[in-house]
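Structure first, then comments.
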Amino acid sequence: MDFFEVLEERRSVRSYLPKKVEKRKLEKIISAVILAPSAGNLQAYRMVIVEDEDVKRELASASFEQEFLAEAPLVAAFVADGKRSAMKYGQRGAKLYSLQDATIAAAYFQLAAAALGLGTVWVGAFEDSRVARILGLGMGEFPVALIPLGYPAEKPERHARRSRESIASFL
């Protein structure tokens with residue numbers, strides 16, 4: 001698929017086949033994430049790849065019982081590293097730039113997965129402190145997104161999108 005086909009084909013998938021994601025594909029996705037732009041090239045984020053069934057169930061529970069998190073072959077947790085960004089950018093880096101770095105990396109993750117025929121969905125509804133404890137996060141780190149990854153067992157319809165005119169303005 002070319003880039004624009006990937007954008008067209010990507011869907012929010014909440015049902016996965018019981019098939020493992022090949023290591024080669026996961027490595028390609030991680031390589032794409034590493035290429036994501038970041039503030040000052042600090043890459044003030046990290047990923048925690050969760051394959052353990054018990055940990056996935058805990059994450060689903062901490063995410064208001066979104067059970068598809070436990071059913072996916074793996075979950076990528078994107079974590080902002082506020083301390084890393086704060087070294088260069090102070091409080092703005094700690095609170096904003098690290099968050100932006102993690103979200104851009106997560107978006108690259110989703111697009112790379114779609115390009116490889118895999119499904120994902122962005123999960124941002126969770127109890128921050130519980131997810132941080134489950135993942136064993138350190139001081140200055142905070143969870144930004146949980147993204148299940150696997151082979152889709154569904155192809156959801158595309159939701160309506162806002163018009164170009166309602167999103168883009170020109171000065």
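Going by the numbering used here, the residue at position 20 of the sequence shown is 20; the numbering climbs one at a time, nothing skipped.
Ideal placement from N, C-alpha and C gives every residue a C-beta, glycine not left out.
- By the C-beta density criterion, P148 is buried, having at least 16 other C-beta atoms within 10 angstroms.
- A44 and S85 have their alpha carbons spaced roughly 6 Å apart.
- Proximity to L7 across M47, A113, Y89 and Y97 peaks at A113, based on C-alpha coordinates.
- For the beta strand (DSSP E) assignment, the uninterrupted runs of no fewer than 3 residues enclosed by the region 50–131 are, from N- to C-terminal side, 74–81.
- Distance from the Cα of S129 is smallest, within the candidate group E154, E58, G93 and Q66, for E58.
- In the three-state scheme derived from DSSP, where H, G and I count as helix and E and B as strand, F4 is classed as helix.
- Assigned with DSSP and collapsed to three states, G140 falls in coil, not helix or strand.
- Between E157 and V79, the CB-CB gap reaches or exceeds 9 Å.
- Contact annotation: I49 and L118 have beta-carbon atoms that are not nearer than 9 Å.
- In the three-state reduction of the DSSP assignment, R46 falls in the strand class.
- The bridge partners DSSP lists for S12 are T120.
- Secondary structure at A145: strand, using DSSP grouped into helix, strand and coil.
- When rounded, the separation of the alpha-carbon atoms in K20 and A76 is 14 Å.
- DSSP lists G119 as the beta-bridge partner residues of G150.
- F126 is classed as buried because its beta carbon has at least 16 other beta carbons within 10 Å across all chains shown.
- Contact between F68 and R14 holds: their C-beta atoms lie close to 4 Å from each other, under 8 Å.
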